[in-house]
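Protein chains in written order, with the working numbering: chain Z, 1 to 294; chain F, 295 to 588. Each residue gets a CB set at the ideal place from its N, CA and C atoms; glycine is no exception. Since the model is a prediction, treat every value here as computed from it, not as a measurement. The next block holds one structure in the form of structure tokens; read it before the comments.
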DNA sequence: CCGAGCCATAAGTAATGCTTATCGCTCGAC
DNA sequence: GTCGAGCGATAAGCATTACTTATGGCTCGG
């Protein structure tokens with residue numbers, strides 16, 4: 001059963017004149033006649049009274065007409081819904097990333113995007129890079145914002161990895177601390193200092209641990225936290241020193257590393273075998289075009 | 295867009311495996327692949343992620359799946375509804391006739407029919423034969439029960455006329471009347487008798503008038519009524535004599551005409567260009583098979 | 001009674017859609 | 001790491017479908 005046939009049947013039912021209906025449908029009269037005949041055969045009943053001059057719906061035709069009309073409306077609505085996805089008028093995006101990405105970066109990028117495409121809904125998930133990669137591979141996330149390098153297990157060809165921003169970490173110092181007012185710090189400065197860090201497992205923490213080990217510095221870990229805001233609050237309260245992304249320090253009071261840039265490479269990861277939806281394509285472009293302020 | 299394609303799309307979406315889905319659908323894998331490709335082209339979006347091994351719905355596919363499923367359900371419901379018409383499980387019949395037909399005949403015939411086909415709904419219209427014929431020609435009634443001969447204007451080829459029962463009129467006599475207890479009457483008996491008759495325009499009345507004129511009998515018309523029940527009541531109350539169908543006199547107290555049978559030919563009339571619905575075909579058969587009791 | 005209008009049918013052709021055969025790719029096992 | 005199995009996409013050939021033009025039969029109105 002061809003949907004075009006159903007549409008033609010509806011037009012014919014409305015006009016009651018096969019020749020005229022065929023003309024309106026850019027068909028010849030025998031073609032429409034054949035379509036109706038086929039439709040009637042597939043239903044097993046006559047849909048029209050053949051009355052020499054003109055056609056009139058039978059009871060069966062009247063009955064079927066309603067169903068066919070509703071079904072076609074539904075299909076048209078489906079096409080419209082699919083089209084609205086393509087026009088970015090609707091759709092959902094599931095994005096995941098670490099604390100820095102979801103807290104400091106995504107809000108600034110999603111804001112303008114949402115203004116331009118208010119129909120797109122976001123689902124944001126904050127988790128360690130490893131978890132994000134797994135979620136992307138499982139198809140739960142459309143896009144992941146993670147720190148390179150990836151865990152070896154996930155680095156297979158199943159992921160599409162696109163380098164993104166280079167994020168620099170800065171050292172937050174409490175107001176009364178001797179290091180305060182300096183522009184840069186050196187690893188030796190951290191000896192025996194109280195340190196507030198992300199909980200282990202996060203990419204930022206791993207980066208920090210690696211540098212501490214390389215420079216043989218052993219600060220006193222006084223606290224492990226999960227969010228950037230709590231770290232800055234703790235530092236401000238004088239509990240200790242803390243590392244956060246430079247992006248999370250808009251006032252610029254954090255100290256950059258004077259030995260070697262303390263940076264990490266952020267990247268976008270997707271499943272290679274997933275074709276991007278229009279919404280994802282557009283948002284990905286927004287991500288890649290974004291530059292940190294200043 | 296072919297409905298079979300949509301159905302196949304749904305099966306494929308469910309299995310996620312093209313080869314297996316094609317097998318279940320009695321298709322080869324390339325055929326199904328082509329169908330999906332065509333469907334995607336007509337929608338302008340990819341419905342599946344091609345992931346080397348197996349398929350997974352895209353967001354567009356997930357969206358469209360719901361609409362397509364609902365639309366197919368609707369079409370199936372339409373087919374079912376049309377089928378139920380054919381199986382006499384549903385449908386409507388619009389029947390019209392004169393007072394005798396609708397009051398005395400139809401109830402007895404519709405009763406068993408309705409027991410056998412409780413899904414069929416009747417619309418009964420009582421009106422003079424001329425009005426019934428017009429309603430049949432206008433398509434408002436599926437079937438008319440009328441007295442022959444038809445008005446000349448309606449006797450064209452547009453009507454299909456099927457002779458039915460021969461109905462005999464009998465004379466009802468009040469209990470205290472001298473004619474009471476007789477089995478037959480003669481037209482001369484009616485001289486100066488008070489007569490209760492159907493209102494003019496009805497077929498029964500025309501028949502009566504013709505016979506009265508032929509026999510040059512002039513009874514005193516004391517009342518013109520529209521219903522059989524009111525005539526029998528009036529006669530019983532002693533107002534006068536009255537003619538009704540023998541079918542409306544189950545007790546057999548009415549007097550038959552002793553001069554010449556006072557009968558009329560009833561007939562079924564339909565529009566010739568209307569094909570009969572299953573319900574009409576079945577009911578028509580019930581009508582033609584019916585015999586008056588006794 | 002004739003002509004116009006309308007639907008059904010027939011014959012021929014163009015296009016659609018299926019089948020078989022094969023390729024490229026991915027994944028899992030050895 | 002390599003090989004084999006499984007899966008989907010593609011190509012070529014063919015059968016079927018569905019359209020076109022031409023025509024017949026029928027009804028209705030002048």
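Can you pull the chain Z neighbours of residue i, defined as C-beta to C-beta under 8 angstroms?
| i | result |
| --- | --- |
| residue 295 of chain F | 2, 3, 4, 75 |
Taking just the CA atoms, how far does residue j sit from residue i?
| i | j | result |
| --- | --- | --- |
| residue 397 of chain F | residue 49 of chain Z | 31 angstroms |
| residue 362 of chain F | residue 98 of chain Z | 39 angstroms |
| residue 83 of chain Z | residue 114 of chain Z | 19 angstroms |
| residue 415 of chain F | residue 385 of chain F | 6 angstroms |
| residue 531 of chain F | residue 565 of chain F | 43 angstroms |
| residue 334 of chain F | residue 266 of chain Z | 35 angstroms |
| residue 70 of chain Z | residue 45 of chain Z | 20 angstroms |
| residue 358 of chain F | residue 323 of chain F | 22 angstroms |
| residue 185 of chain Z | residue 257 of chain Z | 5 angstroms |
| residue 171 of chain Z | residue 243 of chain Z | 5 angstroms |
| residue 318 of chain F | residue 369 of chain F | 22 angstroms |
| residue 372 of chain F | residue 62 of chain Z | 10 angstroms |
| residue 402 of chain F | residue 431 of chain F | 26 angstroms |
| residue 150 of chain Z | residue 94 of chain Z | 20 angstroms |
| residue 513 of chain F | residue 459 of chain F | 29 angstroms |
| residue 280 of chain Z | residue 105 of chain Z | 17 angstroms |
Could you name the residues of chain Z that residue i contacts, counting a contact when the two beta carbons are closer than 7 angstroms?
| i | result |
| --- | --- |
| residue 345 of chain F | 273 |
Ends of the beta strand (DSSP E) at residue i?
| i | result |
| --- | --- |
| residue 343 of chain F | 342-344 |
| residue 231 of chain Z | First-last for residue 231 of chain Z: 228-236, but that is the alpha helix (DSSP H), not the beta strand (DSSP E). |
| residue 166 of chain Z | 159-172 |
| residue 498 of chain F | Looking at the DSSP string, residue 498 of chain F is not in any beta strand (DSSP E); the run it does join, the alpha helix (DSSP H), is 497-508. |
| residue 2 of chain Z | Element bounds for residue 2 of chain Z: n/a, residue is neither H nor E. |
| residue 194 of chain Z | 194-198 |
| residue 516 of chain F | 514-519 |
Check whether the Cβ of residue i lies closer than 8 angstroms to any Cβ atom in chain F.
| i | result |
| --- | --- |
| residue 218 of chain Z | no |
| residue 58 of chain Z | yes |
| residue 78 of chain Z | yes |
What in chain Z is Cβ-close to residue i, meaning under 9 angstroms?
| i | result |
| --- | --- |
| residue 339 of chain F | 82, 83, 85, 86, 277, 278 |
Just curious, the alpha helix (DSSP H) that residue i is in, first and last residue?
| i | result |
| --- | --- |
| residue 132 of chain Z | 129-137 |
| residue 406 of chain F | 400-410 |
| residue 378 of chain F | 353-380 |
| residue 31 of chain Z | 29-43 |
| residue 147 of chain Z | Run containing residue 147 of chain Z: none in the alpha helix (DSSP H); it sits in the beta strand (DSSP E), 143-147. |
| residue 18 of chain Z | 18-24 |
| residue 578 of chain F | 572-583 |
Chain Z beta carbons: is any one of them nearer than 8 angstroms to that of residue i?
| i | result |
| --- | --- |
| residue 358 of chain F | yes |
| residue 433 of chain F | yes |
| residue 386 of chain F | yes |
Can you pull the chain F residues whose beta carbon is under 7 angstroms from the beta carbon of residue i, in chain order?
| i | result |
| --- | --- |
| residue 70 of chain Z | 368 |
Do residue i and residue j have their CB atoms nearer than 8 angstroms?
| i | j | result |
| --- | --- | --- |
| residue 178 of chain Z | residue 240 of chain Z | no |
| residue 264 of chain Z | residue 147 of chain Z | yes |
| residue 549 of chain F | residue 452 of chain F | no |
| residue 51 of chain Z | residue 434 of chain F | no |
| residue 251 of chain Z | residue 167 of chain Z | no |
| residue 491 of chain F | residue 515 of chain F | yes |
| residue 351 of chain F | residue 366 of chain F | no |
| residue 354 of chain Z | residue 36 of chain Z | What the structure shows of chain Z is the stretch from 1 to 294, and residue 354 of chain Z is not part of that stretch, so it cannot be assessed. |
| residue 224 of chain Z | residue 200 of chain Z | yes |
| residue 88 of chain Z | residue 119 of chain Z | yes |
| residue 311 of chain F | residue 348 of chain F | yes |
| residue 278 of chain Z | residue 86 of chain Z | yes |
| residue 204 of chain Z | residue 100 of chain Z | yes |
Is the beta carbon of residue i within less than 7 angstroms of some heavy atom of the ligand GDP?
| i | result |
| --- | --- |
| residue 442 of chain F | The model on display carries no ligand, and the ligand GDP is accordingly not part of it. |
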